[in-house]
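What follows is a set of notes on a single structure, which appears directly below.
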Amino acid sequence: MPRIRYNPESIVIPADPAAILDWAACHITAVGLHQGSELFAGIGRTVTLPCWPRGAIDVAAGNGRGSSSRTYDWAAIDRGRDQAYHAFAEYLAARPLAAGTTDSARWLHRSVMDEWSAVPGRTAEQAAQALRAAAETFHRLF
């Protein structure tokens, strides 16, 4: 799978789930892993703060990175983000995850990601490795 070019100031936002996961892996390596009661490390610009893997996926999918001078296909980006959530959660769970509705699926995927991220001693390197592995798995399957 070709690697994306990571730049935290980039206004280019991928819609492809594997590219979102790969960008998120680069991002969490660059900003670090935040473990605590909140997904982000505090007040400030989300693209420069330590975050959980779910937060890194959100930033990869455009949270805090859009440009008013550029047109984005937010529906496609949101679908890609949700597919990235799904792929990452299934990778972490090491099994298929099924839910009845889109909202319940999103809740299930977020729960799996957040539970994994909250394990004491989890590192940014472990998170980046898992995000890249999920991207590779998604790329091979689709």
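So for the sequence shown, my numbering puts the first residue at 8; every next one is plus one. C-beta atoms are modelled at their ideal positions from N, C-alpha and C, and glycine is treated no differently.
### Rounded Cβ spacing between residue 18 and residue 74 (contact assumed at less than 8 Å)
Position 11 of the sequence shown, counted from the first residue, corresponds to residue 18. Position 67 of the sequence shown, counted from the first residue, corresponds to residue 74. With 8 Å as the limit, residue 18 and residue 74 qualify as a contact, their Cβ atoms being about 4 Å apart.
### Query
Identify the residues that DSSP records as bridge partners of residue 33: which are they?
Your numbering for residue 33 matches position 26 in the sequence shown. Answer is none; residue 33 lacks a bridge partner.
### Task
Inspect the beta-carbon positions of residue 154 and residue 32 and report whether they are closer than 8 Å.
For the chain, the structure presents residues 8 to 149; residue 154 sits outside this window and is missing.
### Message
Does residue 40 come out as helix, strand or coil in the three-state DSSP assignment?
### Response
Numbered from 1 along the sequence shown, position 33 holds the residue referred to as residue 40. Strand at residue 40.
### Query
In whole angstroms, what separates the C-alpha of residue 119 from that of residue 76?
On the sequence shown, residue 119 is found 112 positions in, with the first residue counted as 1. On the sequence shown, residue 76 is found 69 positions in, with the first residue counted as 1. So the two alpha carbons sit approximately 36 Å from each other.
### Task
Excluding the 5 residues preceding and the 5 following residue 90 in the sequence, name in chain order all residues of the same chain whose CB lies nearer than 6 Å to its CB.
Reading the sequence shown from its first residue, position 83 is the one you call residue 90. Excluding sequence neighbours, residue 90 sits near 24.
### Message
Checking 8 Å against the spacing of the C-beta atoms, do residue 36 and residue 101 come in under that value?
### Response
What you label residue 36 is simply residue 29 of the sequence shown in a count that begins at 1. What you label residue 101 is simply residue 94 of the sequence shown in a count that begins at 1. No, they are not a contact pair.
### Message
Check for me: the alpha helix (DSSP H) holding residue 121 runs from which residue to which?
### Response
Counting from one through the sequence shown, the residue named residue 121 turns up at place 114. 109–124 is the extent of the alpha helix (DSSP H) around residue 121.
#### Entry: Cβ neighbour criterion (16 or more within 10 Å) applied to residue 22
Against the sequence shown, residue 22 aligns to sequence position 15. Buried, because 16 or more other Cβ atoms sit within 10 Å of the Cβ of residue 22.
#### Entry: Straight-line gap, residue 97 to residue 115 (C-alpha atoms, nearest Å)
Reading the sequence shown from its first residue, position 90 is the one you call residue 97. Reading the sequence shown from its first residue, position 108 is the one you call residue 115. Their Cα atoms are separated by approximately 10 Å.
### Task
Could you tell me the boundaries of the alpha helix (DSSP H) in which residue 61 lies?
On the sequence shown, position 54 is the one that residue 61 refers to. Residue 61 -> alpha helix (DSSP H) spans 60–67.
### Message
For residue 3, count the other beta carbons within 10 Å of its own beta carbon; 16 or more makes it buried, fewer makes it exposed. Which is it?
### Response
No information on residue 3 is available, as it lies outside the stretch 8 to 149 that the chain covers here.
### Query
How is residue 87 classed by DSSP in three states: helix, strand or coil?
On the sequence shown, position 80 is the one that residue 87 refers to. Residue 87: helix per DSSP, three-state reduction.
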